[in-house]
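Each residue of the sequence shown is one higher than the one before, counting from 20 in the numbering used here.
Scroll down for the structure; my scribbles are underneath it.
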Amino acid sequence: MTTPCPESGSTAFHRGHPGAVGAGEVWCEGVRLTELVDRFGTPLYVYSGAAIDDRAARLRAAFGEDAVICYAVKANSNLSLLRRLAAQGLGFDLVSGGEIERLAAANLSAAQGVFAGVGKEPWEIEAAVAAGILFFNVESEHELPLLAAAARATGRTIPVALRLNPNVAAGTHAYITTGKSENKFGIALARAAEVVRAIVDEPGLELRGYHVHLGSQLRSVQPYVDALDRVAAFADADPRHRDGVTHYDLGGGFGISYGEGLELDVAAVAEQLLPRLEDRGWTPVLEPGRYLVGDAGVLVTRVLGGKQQGGTEFVLVDAAMNDLLRPALYQADHPIAPVAPARAGPSRRVDVVGPVCETGDFLARGRELPPLAAGDLLAVFGAGAYGASMASNYNSRRRPAEVLVDGGTARLIRRRESFTQLFQNEVDLDED
Ligand code: LLP
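Here you go:
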């Protein structure tokens, strides 16, 4: 018997039962985080395979067998996680030639995949055509001649979905809102008729569907409903807007439960959208990233020390903004808790900061935490999405190791970078 960690959106993270080995400590499935730190060091990303499978199963149950569920690779592009998601029957939402290369490296098919990307280069389009993707999500008109050229070069008809910008507010952070008219994404509804005409008139292209993506970390159903209503109205306005249309890609953005608010009720989204889509004979396509892997991951970091300054108490840890950029970039409130049972004593309000030379380098600000001492381990929850995939080498720091847990087994799925790797591509002009 164990207790789920209230800080986590997944029951895969739990505290060991009193009286047993690892009592009160955070576990990932059948493995103690302390044991993983002994083996792999910190900072360390730890993912639960069961948590990923569970989210994939929930989406499938909500949206049904016919839905095309494309995991947004950018959320976490580790090859082993891509394999895990493919094994759950998922396809992929790809945004770059590099992501197509990843699929190839993992021997995975792109057939149930879509290729988006705000600025597609000709070589990427050709790579996506060669990989046999389901369709291209067209973001801008300038892509059409590029796609037409790729159709001519390959002798294939290229299936496309037009990304519409429905001007729907997503109620999320400004940096991850994408479906408002002031955002760079998609084609405004007012211009869409002209772009549809251009697609229909191009013999190498085939209009298969419409695509919207409103932003990330959405918590409410209504924006998804509003977007579909607007796209449906556009399709109804002219038969040319709907001839041959078989798919509606409702995007990703399904929110998880960190910070304020609950996770998005995906079953409610499905309940609202599926009957409308069925009426039109449109197959749903989904592009979730965070929902599938966010709650499945934690970042484990070690306390290096602390200090009191200017009325703020700082807890200095060995993970930094280069390992997890989200707090610095989006003011994201990832829950944090000690891995071991809390030390006795009153909790204090602290800033959890990393070793990088920037004031913006924090994992949390003004956070209530129990007393901590150098050497203690902290788990940063909800870090499976846009954590490792946005990590950098800033301050010449090596990107962290990553571990995938499966029941009682933990496997390294990315080695910690070596110092040699840090500068291996640099050319030292003095070294002749
Ligand atoms: N589809 C499209 C077209 C997207 O642009 C994105 C995310 C997704 C799907 C997946 O969104 P998700 O389901 O993961 O919310 N780095 C930011 C998130 C940026 C998302 C960019 N596009 C963060 O850490 O919150």
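Note that the Cβ used here is the ideal one computed from N, Cα and C, for glycine as well.
Run of the beta strand (DSSP E) containing residue i, from where it starts to where it stops
i, result
"I432", "428 to 433"
"I177", "177 to 184"
"A135", "Where A135 is concerned, there is no enclosing beta strand (DSSP E), given that its DSSP letter is neither H nor E."
"Y267", "266 to 268"
"Q328", "316 to 328"
"E332", "331 to 336"
"P357", "355 to 357"
"D425", "420 to 425"
"R171", "First-last for R171: 162 to 173, but that is the alpha helix (DSSP H), not the beta strand (DSSP E)."
"C47", "45 to 47"
"A193", "It is not in any beta strand (DSSP E) - A193 carries neither H nor E in the DSSP assignment."
"H33", "32 to 34"
Sub-8 angstroms separation of residue i and residue j beta-carbons
i, j, result
"P346", "F381", "yes"
"D395", "V322", "yes"
"V133", "L153", "yes"
"I206", "A169", "no"
"A356", "L397", "yes"
"V157", "V319", "no"
"D342", "P62", "yes"
"L163", "F155", "no"
"V214", "H260", "no"
"A91", "D112", "yes"
"L104", "L269", "no"
"A211", "L181", "yes"
"E48", "A75", "no"
"V50", "R34", "no"
"E225", "G263", "yes"
"H192", "R227", "no"
For residue i, the nearest candidate out of the options (CA to CA)
i, options, result
"S29", "R309, N341, R430", "R309"
"D408", "R433, D352, V424, L388", "The amino acid occupying residue 408 in the given sequence is Ser; Asp does not appear at that position. Ranking R433, D352, V424, L388 by Cα distance to S408 puts R433 first."
"Y405", "L344, R238, A170", "L344"
"L101", "A209, W301, G403, L247", "G403"
"L98", "R216, E450, V422, T428", "V422"
"V14", "G379, L52, V231", "Any answer about residue 14 is impossible in this case: the structure gives the chain only from 20 up to 451."
"L441", "A76, R417, D447, D425", "R417"
"G117", "T61, A135, V369, N414", "A135"
"G274", "E306, E290, R261, G263", "E306"
"L78", "E290, G41, A130, P294", "E290"
"G373", "L391, P354, F333, R386", "F333"
"A410", "R435, M340, R430, V369", "M340"
"D370", "A361, G401, Q328, A359", "Q328"
"R435", "G60, P354, E297, A338", "G60"
"L127", "E140, P141, S96", "S96"
"G325", "L391, A383, E54, G41", "L391"
"N184", "G401, P242, Q236", "P242"
"Y194", "A31, S159, G272", "G272"
"G190", "L237, A147, R171", "L237"
Residue i, DSSP secondary structure in three states
i, result
"D112", "strand"
"A70", "helix"
"Q443", "coil"
"A404", "coil"
"V92", "helix"
"T378", "coil"
"R227", "strand"
"T302", "strand"
"Y277", "coil"
"D220", "helix"
"E387", "strand"
"V240", "coil"
"F253", "helix"
"L396", "strand"
"N156", "strand"
"R362", "coil"
"F204", "coil"
"V372", "strand"
"G271", "coil"
"G41", "coil"
"V187", "coil"
"L122", "helix"
"L233", "coil"
"L448", "coil"
"L78", "helix"
"L247", "helix"
Residue span of the alpha helix (DSSP H) that contains residue i, given as start and end
i, result
"S99", "98 to 106"
"V56", "52 to 59"
"E290", "285 to 299"
"R345", "345 to 349"
"R261", "Unbroken run through R261: none, as it is neither H nor E."
"L311", "309 to 312"
beta-carbon residue i near the ligand NAP non-hydrogen atom, thresh 7 angstroms
i, result
"A91", "The ligand NAP is not among the ligands present in this structure, which contains only the ligand LLP."
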